[in-house]
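Only one structure is covered here, and it is reproduced in the block below.
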Amino acid sequence: MVQVKKTIFNIVVTGVTAMVAAGALVIALQSGLQAQAQKNWKDRAEYDLYDSIIKDQNAQTRLANLDKWKAAYPASEYADMRLQLYLPTYQGVNNHRAAFDTANEILKADPNNASALQEILGFIRALVPADPKAALTAQNKADLETAEKAAHYVITNADMIYGPAKKPQGVADDVWAKTKPTMTNFSQFTLAWIAITQKDSGKAEAELTKTLQTDPTNAQASYLLMQTLITKAMQTDHPEKMPLALFEYARSAAYDGPGSLDAATRAKLDPLFVKVYSQYHGSAKGVEEVKTLAKANALPPADFEIKSLVKIAEEEEAKRKEFADKNPGLAFWMQNKEQLVGDGGAAYWEMMKGAALPGPNVPGGKFSGKLISATP
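My numbering applies: residue 29 is where the sequence shown begins, and numbers increase by one.
Shown next, in the form of structure tokens:
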């Protein structure tokens, strides 16, 4: 199977990361400034330490000073703001284990904190094994549950999280307006990814289908849905899902619009799709029609069908039986003719010499026919 390197979630995470980096520190500072009228610094030294932190553009030294502030003033009235300052700082030093845990702490007091939600959804993938065959640890499972809860929360409460009043200072209106649909779609896709990581194929199918319904441009979801449905286990237990699997295979290879897989990957997928389609259907007949339909639609229409070799054989056998029931003599004659002109015709002729045909093979024991001519 082709490894899709440039995934949709990588693209989205890049955008989310940029939003987190631009917005988290700003949000934390806004929170701190708003709180100054109601809270008090313990002494001038605490304020000076805070002031040095917010002016420091170096995440490494800012982290050291945050730790110093926390150690010197554990009960600070600004502990909530300090926690929010930790989030972009951990992100700045690429410590997403600490950033993820910090985001989870922030959400306990502020469930609508966009930066914390974006950290959890954007970087859960960095906290689980990259090898899909690796067993999940208790920590992995807990992290996945946290991310699943965050994804559901974003989908349900997007208006509260990304409303106009929540826009961070310095973020353009048009950029903020795109954040809500981007994050709701990404949250839905994350639910699908979590189900795949948990090896729950039924749940993965449902969540990937929802992903494609809400974001038809997500070709990575099409690819993952194909992978979920085309496994041997699914083919054995649910052979009726193969047409959908083949449709999403075609979608992954043929779709070239926004959100598509890169051209090199599509070029590798196309011949593989044709091969799998031909093996399933018995020939490549109809393959171009499927690719054309899949290129224009993320999901197949309700009446979409690709007949398998087994179904085609069953239908042909049913037609033969129906014909034989209506025309037993002619069917028996044709059957013997096929045997005689086939590869084993000579041996069949020797076996049939002297046989009284049609005998009991045809009702009445005789062939019926129409005399065309007679001489004399």
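Just so you know, even glycine gets a beta-carbon here, dropped at the ideal spot from N, CA and C.
The structure displayed is predicted, hence computed values, not measured ones.
- Within the same chain, Cβ atoms closer than 6 Å to the Cβ of I258 are found at A273, the five residues on either side in sequence being excluded.
- With 16 or more other Cβ atoms inside 10 Å of its own Cβ, A232 counts as buried.
- E147 and S336 have their C-alpha atoms some 45 Å from each other.
- DSSP places K83 in the uninterrupted alpha helix (DSSP H) bounded by 72-83.
- In this structure V315 is not in contact with Y277, their Cβ atoms being roughly 11 Å apart against a cut-off of 8 Å.
- In this model, D187 and P196 are separated by some 15 Å (Cα to Cα).
- Measuring C-alpha to C-alpha distances from F275 to each of S250, P299, K381, T293 identifies S250 as the nearest.
- Between K323 and A383, the C-beta spacing is not below 8 Å.
- In this structure K96 is in contact with L77, their Cβ atoms being roughly 7 Å apart against a cut-off of 8 Å.
- For E333, the three-state secondary structure derived from DSSP is coil.
- Nearest in C-alpha terms to I81, of all of R90, F151, S401, is R90.
- Here the alpha carbons of L155 and L253 stand approximately 23 Å from one another.
- The beta-carbon separation of A179 and S215, rounded to 4 Å, stays under the 8 Å limit for a contact.
- For S288, there is no enclosing alpha helix (DSSP H), as DSSP marks it with neither H nor E.
- Across the structure, D138 and A127 are spaced so that their CA atoms are roughly 16 Å apart.
- Non-local C-beta neighbours of A193 in its own chain, meaning closer than 8 Å and more than five positions away in sequence, are absent.
- Counting C-beta atoms within 10 angstroms of its own C-beta, W221 has 16 or more neighbours from the protein chains shown and is therefore classed as buried.
- Around the beta carbon of L111, 16 or more other beta carbons lie within 10 angstroms, which makes this residue buried.
- Rounded to whole angstroms, D298 and V318 show a C-alpha spacing of 12 Å.
- In the three-state reduction of the DSSP assignment, P116 falls in the helix class, which pools H, G and I.
- The alpha-carbon of A163 is positioned some 19 Å away from that of F151.
- Counting the other CB atoms within 10 Å of its CB gives L135 a total of 16 or more, which places it among the buried residues.
- Looking from the CA of D71, the closest CA among M362, A100, N93 belongs to A100.
- Annotation for H124: the continuous alpha helix (DSSP H) segment containing it runs 124-137.
- With respect to the C-alpha of T117, the residue from S143, P102, E105, S104 having the closest C-alpha is S143.
- Taking C-beta atoms as the reference points, L149 and L240 fail to come closer than 8 Å.
- The alpha-carbon of Y181 is positioned some 12 Å away from that of E173.
- Less than 8 Å separates the beta-carbon of G393 from that of P386.
- Secondary structure note for G230: its alpha helix (DSSP H) is the uninterrupted segment 229-242.
- Judged by DSSP in its simplified three-state form, D202 adopts helix.
- Here the C-alpha atom of G370 lies approximately 11 Å from the C-alpha atom of Q363.
- Secondary structure note for R153: it is in no alpha helix (DSSP H), with a DSSP letter that is neither H nor E.
- Separation of E235 and E344 (C-alpha to C-alpha, rounded to the nearest whole angstrom) is 37 Å.
- When DSSP states are grouped into helix, strand and coil, D265 belongs to the helix group.
- The alpha helix (DSSP H) runs lying completely inside the region 159-202 and spanning 4 residues or more are 166-189, given in chain order.
- Restricting attention to G357, Q226, T210, F217, the CA atom closest to the CA of A166 is found in Q226.
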